[in-house]
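Asker: Encoded as structure tokens, here's the structure I'll be asking about.
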Amino acid sequence: MSITIRQRNIILGLMLGDGHLEKNGRFARLRIDQSLKHKDYINWLYQELSDIVPSKPRIIQEKDRRTLKVYTRLHFSTYSNGQLDKWRCVFYVNNRKIVPSGIINMLNHKISLAVWFMDDGYKRNDCAAVRLNTDAFTYSGQKLLIRCLEKNFKIKSRIHKKGRWFNIYIPKDEARKFCRLVKPYTLPSFRYKLL
């Protein structure tokens, strides 16, 4: 089962956002979880990846052991796949997701940016800027992403500290350019994130 270039670009955006590659037997599979309020997004992802997904998204309820609150989310996984297994080797070290050293050669399509933005981006209303929540990645990984944004998309950004964590901050003028790039691929329900 082969992954198309479009699917590859979507999966890349998911890997920078909320996507997760997990071992399932011999190979890895992509696991996608989203809250119910993003139903249209998970359905769009399912449609885009449907030829590598065995079943439709399903609703899962889980209780948080600490707060005892019940959370409802939508979930689907792809088939296990050798290509995804190779990606898992690139995106994970000791079961922790990383920014691969070759990200500059990988992240070069606007749809990848849009998926990453829909997953983990938001606009700052106080200063008309965009922030990408990259706090799961190391500081050096975030620096790689900043270089990639500048080299491949001509978007200047910087790392900002938010509490104990660091995120990618795209200032006002650059954020407008960023939003123009991702807008054609941004679902209507996520347009509120655009400037």
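For the sequence shown, the working numbering begins at 34 and goes up steadily by one.
Every residue, glycine too, gets a C-beta built ideally from N, C-alpha and C.
Can you tell me whether Glu207 is buried or exposed, with buried defined as 16 or more other CB within 10 angstroms of its CB?
Answerer: For the purposes of this step, residue 207 is taken as the residue at position 174 of the sequence shown. Flag for Glu207 reads buried.
Asker: DSSP puts Tyr202 in a beta bridge; with which residues?
Answerer: By one-based count along the sequence shown, residue 202 stands at place 169. Paired residue(s): Arg164, Arg191.
Asker: How about the segment 206-226 and the segment 144-158: do they share at least three Cβ pairs that are nearer than 8 Å?
Answerer: Touching, per the Cβ criterion.
Asker: With respect to the alpha helix (DSSP H) encompassing Asn76, which residues constitute its N-terminal and C-terminal limits?
Answerer: The residue labelled residue 76 in the question sits at position 43 within the sequence shown. Residues 72-82.
Asker: Under a three-way DSSP split, which group does Leu63 fall into?
Answerer: Locating residue 63 in the sequence shown gives position 30, counting from the first residue. In this structure, Leu63 counts as strand in the three-state DSSP scheme.
Asker: In this structure, does DSSP put Arg180 in helix, strand or coil?
Answerer: Along the sequence shown, one-based indexing puts residue 180 at 147. Looking at Arg180 - three-state DSSP - the assignment turns out to be helix.
Asker: Val148 lies in the alpha helix (DSSP H); which residues open and close that run?
Answerer: In the sequence shown, counting from the first residue as 1, residue 148 sits at position 115. 143-153 is the span of the alpha helix (DSSP H), which, as asked, contains Val148.
Asker: Let me confirm a value: Trp198 is counted as buried when at least 16 other C-beta atoms fall within 10 Å, else exposed. Which label applies?
Answerer: Start at 1 with the first residue of the sequence shown, and residue 198 comes out as number 165. Burial call: exposed.
Asker: Is the beta carbon of Phe211 sitting closer than 8 Å to the one on Ile203?
Answerer: Counted from its first residue, the sequence shown places residue 211 at position 178. Counted from its first residue, the sequence shown places residue 203 at position 170. Yes, Cβ-Cβ distance for Phe211 and Ile203 is below 8 Å.
Asker: Pick out whichever of Gly46, Lys143, Ile92, Asn166 has its Cα sitting closest to the Cα of Gly196.
Answerer: Here the question's residue 196 lines up with position 163 in the sequence shown. Per the Cα distances, Asn166.
Asker: Output the distance between the C-alpha atoms of Lys189 and Arg39, rounded to the nearest integer angstrom.
Answerer: The count along the sequence shown starts at 1 and reaches residue 189 at position 156. The count along the sequence shown starts at 1 and reaches residue 39 at position 6. C-alpha separation (whole angstroms): 25 Å.
Asker: Leaving out five residues on either side along the sequence, give the residues of the same chain with a beta carbon under 8 Å from the beta carbon of Ile43.
Answerer: Position 10 of the sequence shown, counting from 1, holds the residue named residue 43. Once the five neighbours on either side are set aside, the close Cβ partners of Ile43 are Leu78, Glu81, Leu82, Ile144, Ser145, Val148.
Asker: Mind reading off the beta-carbon distance from Leu177 to Val126? Whole number of angstroms is fine, and I expect it under 8 Å.
Answerer: In the sequence shown, residue 177 corresponds to position 144, counting from 1. In the sequence shown, residue 126 corresponds to position 93, counting from 1. No, Leu177 and Val126 are not in contact; Cβ-Cβ is about 14 Å, not under 8 Å.
Asker: Under the DSSP definition of a beta bridge, which residues are partnered with Gln94?
Answerer: By one-based count along the sequence shown, residue 94 stands at place 61. Gln94 pairs with Thr105.
Asker: Tell me the DSSP secondary structure of Lys210 in three-state form.
Answerer: Position 177 of the sequence shown, counted from the start, is the residue given in the question as residue 210. In the structure shown, Lys210 sits in a helix (DSSP, three-state: H, G or I).
Asker: List the DSSP bridge partners of Asn158.
Answerer: On the sequence shown, position 125 is the one that residue 158 refers to. Partner(s): none; Asn158 has no beta bridge.
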